[in-house]
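These protein sequence lines are chains A and B, in that order. Residues in the first sequence are numbered from 771 upward in steps of one, following my numbering. Residues in the second sequence are numbered from 23 upward in steps of one, following my numbering. In this text, a Cβ means the ideal position worked out from N, Cα and C, and glycines have one as well. See structure below.
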Amino acid sequence: AQSVSQHNHHVILSEAASLELGCNYSYGGTVNLFWYVQYPGQHLQLLLKYFSGDPLVKGIKGFEAEFIKSKFSFNLRKPSVQWSDTAEYFCAFRSNDYKLSFGAGTTVTVRA
Amino acid sequence: EAGVAQSPRYKIIEKRQSVAFWCNPISGHATLYWYQQILGQGPKLLIQFQNNGVVDDSQLPKDRFSAERLKGVDSTLKIQPAKLEDSAVYLCASSDRTSGSEQFFGPGTRLTVL
Numbered sequence: 771a772q773s774v775s776q777h778n779h780h781v782i783l784s785e786a787a788s789l790e791l792g793c794n795y796s797y798g799g800t801v802n803l804f805w806y807v808q809y810p811g812q813h814l815q816l817l818l819k820y821f822s823g824d825p826l827v828k829g830i831k832g833f834e835a836e837f838i839k840s841k842f843s844f845n846l847r848k849p850s851v852q853w854s855d856t857a858e859y860f861c862a863f864r865s866n867d868y869k870l871s872f873g874a875g876t877t878v879t880v881r882a
Numbered sequence: 023e024a025g026v027a028q029s030p031r032y033k034i035i036e037k038r039q040s041v042a043f044w045c046n047p048i049s050g051h052a053t054l055y056w057y058q059q060i061l062g063q064g065p066k067l068l069i070q071f072q073n074n075g076v077v078d079d080s081q082l083p084k085d086r087f088s089a090e091r092l093k094g095v096d097s098t099l100k101i102q103p104a105k106l107e108d109s110a111v112y113l114c115a116s117s118d119r120t121s122g123s124e125q126f127f128g129p130g131t132r133l134t135v136l
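Given below as structure tokens:
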């Protein structure tokens with residue numbers, strides 16, 4: 771069965787610290803990969819996506835993610851977080867049947 | 023561009039009662055999705071429509087859940103009767119193609135079953 775696992779349930783860090791959220795998927799075929807973010811009180815929105823090509827993708831608000839096919843991973847990174855990055859982050863992938871499968875999410879709390 | 027609209031935003035009911043949620047997708051989006059997000063978990067797809075036809079409802083508990091999109095625009099998700107474990111946020115999303123397109127999510131309806 772296809773699945774997504776996110777390594778951390780809750781991450782707490784200070785402003786200007788670097789952030790890396792782990793994501794691994796379980797699926798043997800071609801996948802499209804996504805990171806979604808949900809800010810407090812807001813709806814889910816797309817942060818970035820990978821379909822093909824350069825495995826290092828850049829998204830909004832200074833986020834980037836790297837697809838490593840051999841490790842079935844799609845980790846999210848940001849070099850220097852801000853208080854406004856406090857949110858819940860979801861990794862998701864889409865397989866050939868076009869269904870989105872989400873991870874359980876990682877809550878990121880940035881302390882000012 | 024207006025986003026995906028959902029109502030109500032919050033609903034509290036007792037078990038065995040019925041409840042319905044409404045979704046209005048982004049104009050022109052042919053594909054509509056309903057997700058269930060239980061606290062501490064990621065969204066789980068319940069049903070996917072392409073226009074007014076069902077593409078995938080394999081994870082919809084059909085003994086109590088139903089959904090329709092009669093005119094290929096708005097959609098309604100119903101639970102009858104509700105159980106305690108149905109407490110969750112119900113998200114609606116839409117996209118403009120069935121493949122390769124970003125899904126845009128609504129604010130969700132938070133259901134509490136007592």
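Coarse secondary structure for L106 of chain B, derived from DSSP in three states = helix
What are the boundary residues of the beta strand (DSSP E) that H780 of chain A is part of?
-> 780-784
Determine contact between the stretch 816-836 of chain A and the stretch 23-32 of chain B, defined as no fewer than three beta-carbon pairs at a distance below 8 angstroms.
-> no
When the Cα atoms are used, what is the spatial distance from E90 of chain B to E858 of chain A?
-> 30 angstroms
Excluding five sequence neighbours on each side, which residues of the same chain lie with their C-beta closer than 7 angstroms to the C-beta of A787 of chain A?
-> V851
Would a check of beta-carbon distances place L791 of chain A closer than 8 angstroms to chain B?
-> no
Leaving out the 5 sequence neighbours to the left and right, which residues in its chain are closer than 6 angstroms to P65 of chain B when beta-carbon positions are compared?
-> Y57, Q59, L113
Rounded straight-line distance, which links the Cα of E107 of chain B to that of P40 of chain B | As written in the sequence, residue 40 of chain B is Ser, which differs from the Pro given in the question. Spanning the two alpha carbons is a distance of roughly 14 angstroms.
In three-state DSSP terms, what is K828 of chain A?
-> strand
Cβ contact (3+ pairs, closer than 8 angstroms) linking the stretch 832-845 of chain A and the stretch 798-808 of chain A | yes
At which residues does the beta strand (DSSP E) containing N794 of chain A begin and terminate?
-> 793-796
Sub-8 angstroms separation of T134 of chain B and A42 of chain B beta-carbons | no
Would you say G75 of chain B faces chain A, with C-beta separation under 8 angstroms as the test?
-> no
Same chain, Cβ closer than 8 angstroms to T879 of chain A, five either side skipped, listed in chain order | H780, V781, I782, L783, T856
Hey, is L817 of chain A's beta-carbon within less than 8 angstroms of any beta-carbon in chain B?
-> no
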